[in-house]
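A.B. asks: Sequential numbering of the sequence shown, starting at 2, is according to my numbering.
Structure in structure tokens, see below.
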Amino acid sequence: MRFMMLVIPRGYEKAAPDAVPSADAVAKMMEYNKSLQKAGVLLALDGLFPPSTGARISYLNGKPTVTDGPFAEAKEVIGGYWIIQVRSREEAIEWAKRAPMSDNELIEVRQIHEMGD
2 MRFMMLVIPR
12 GYEKAAPDAV
22 PSADAVAKMM
32 EYNKSLQKAG
42 VLLALDGLFP
52 PSTGARISYL
62 NGKPTVTDGP
72 FAEAKEVIGG
82 YWIIQVRSRE
92 EAIEWAKRAP
102 MSDNELIEVR
112 QIHEMGD
């Protein structure tokens with residue numbers, strides 16, 4: 002089973018385009034990423050630039066409309082993700098619980114649809 006673990010840093014929706022995590026946070030995250038890789042469960046991972054650098058495309062009546070970030074209505078945004086392959090939802094949650102998150106961050110664990118689902 003594949004799962005996406007979405008990192009949701011509180012306050013990131015207002016972050017400056019050049020915002021970066023501290024060197025200590027990056028070092029801890031690299032160690033965690035290595036543990037996922039060593040266990041053979043890591044499929045992909047990436048950190049994302051702040052929403053102020055992004056764009057949203059809405060499709061009202063089939064017509065695409067582009068809105069540049071930041072997005073005033075956003076309350077929670079994604080700061081990064083991992084895709085892991087594990088045996089169960091419980092195992093995915095256990096991996097998420099080991100992530101080096103601060104008090105201002107949370108992880109949402111979501112199963113990825115497979116072709117046979």
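Built from N, CA and C at the ideal position, the CB exists for glycine as well.
Between Ile9 and Gly80, which are expected to be in contact by the criterion C-beta below 8 angstroms, what is the C-beta distance as a whole number of angstroms?
C.D. replies: As a working mapping, residue 9 is identified with position 8 in the sequence shown. As a working mapping, residue 80 is identified with position 79 in the sequence shown. Rounded, the Cβ-Cβ distance is 7 angstroms, consistent with contact.
A.B. asks: Where in the stretch 20–93 do unbroken runs of the alpha helix (DSSP H), each at least 4 residues long, occur, reported from the N-terminal end onward?
C.D. replies: Those alpha helix (DSSP H) runs which fall completely within the stretch 20–93 and span 4+ residues are 24–39.
A.B. asks: Thinking C-alpha only, which one of Ala93, His114 and Gly117 is nearest Ile108?
C.D. replies: As a working mapping, residue 108 is identified with position 107 in the sequence shown. Looking at the Cα atoms, Ala93 is the closest of the given residues.
A.B. asks: Between the C-alpha atoms of Gly48 and Asn62, what's the straight-line distance to the nearest angstrom?
C.D. replies: The residue labelled residue 48 in the question sits at position 47 within the sequence shown. The residue labelled residue 62 in the question sits at position 61 within the sequence shown. Answer to the nearest angstrom: the Cα atoms are 33 angstroms apart.
A.B. asks: Out of Ala97, Thr66, Lys15 and Asp104, state which residue places its alpha-carbon closest to the alpha-carbon of Tyr82.
C.D. replies: Counted from its first residue, the sequence shown places residue 82 at position 81. Out of Ala97, Thr66, Lys15 and Asp104, Ala97 has the C-alpha closest to the C-alpha of Tyr82.
A.B. asks: Pick out whichever of Val110, Pro18 and Phe50 has its Cα sitting closest to the Cα of Val87.
C.D. replies: Start at 1 with the first residue of the sequence shown, and residue 87 comes out as number 86. With distances taken between Cα atoms, Val87 lies closest to Val110.
A.B. asks: Let me confirm a value: Asp51 is counted as buried when at least 16 other C-beta atoms fall within 10 Å, else exposed. Which label applies?
C.D. replies: In the sequence shown, the residue the question calls residue 51 occupies position 50. The residue asked about is misnamed: residue 51 is Pro in this sequence, not Asp. Flag for Pro51 reads buried.
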